[in-house]
Amino acid sequence: IEPVIVGVTGLNAGAANVSNFTDWTITMDWQNSNHHFTATTGIGMPFIYFEKDSSDVAQIVVNQGTVTIASEMLIINNLRNGADFAVYAPVGSTWSQSGNTYTSTLNGKNYWSMAFIPLTSNRIPLIVLLKTIILIIFF
Numbered sequence: 158i159e160p161v162i163v164g165v166t167g168l169n170a171g172a173a174n175v176s177n178f179t180d181w182t183i184t185m186d187w188q189n190s191n192h193h194f195t196a197t198t199g200i201g202m203p204f205i206y207f208e209k210d211s212s213d214v215a216q217i218v219v220n221q222g223t224v225t226i227a228s229e230m231l232i233i234n235n236l237r238n239g240a241d242f243a244v245y246a247p248v249g250s251t252w253s254q255s256g257n258t259y260t261s262t263l264n265g266k267n268y269w270s271m272a273f274i275p276l277t278s279n280r281i282p283l284i285v286l287l288k289t290i291i292l293i294i295f296f
């Protein structure tokens, strides 16, 4: 079972293509005739950066764990083996829920990210710190 699936609504792509790479990062690309989605990750990065086309809707399917919507953020607790993650959308974004599927238009933006929350007893300040770092880097 895939604990979480990140993409865009309506995308049905059989495989990912490498659209860019460096010594430290790789960008993977999924597309079909109507939808486009990319994910960038790298060595030592505690997050994945996603982009979509303007007409696409971001979609997160959570098959394990518990989700809390906190403004533009999805906090996924105990996704797998006790690991927690946070999905960050641009400021002002809202998430809609239908079953275990969460969607967002990202407040008119085309980017969002998902970060691993380190396994510690007091993670709330860490969530705020990660959000601050991501805001500084990408906004």
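Start counting the sequence shown at 158; every next residue gets the next number (this note's numbering).
All residues carry an ideal CB built from backbone N, CA and C; glycine is no exception.
Residue i to residue j span [Cα, whole Å]
i, j, result
"E208", "F194", "6 Å"
"D213", "G201", "29 Å"
"Y259", "S190", "23 Å"
"Y245", "A272", "8 Å"
"M230", "P275", "17 Å"
"A148", "G265", "Given a span of 158 to 296 for the chain in the structure shown, any question on residue 148 remains unanswerable."
Burial state of residue i, where buried means 16 or more other Cβ atoms lie within 10 Å
i, result
"G164", "buried"
"V219", "buried"
"N235", "exposed"
"T197", "buried"
Proximity below 8 Å, CB of residue i to CB of residue j
i, j, result
"L263", "A215", "yes"
"I226", "S270", "no"
"D210", "N257", "no"
Limits of the beta strand (DSSP E) - the one that residue i falls within
i, result
"S253", "253 to 255"
"T198", "193 to 199"
"K209", "204 to 209"
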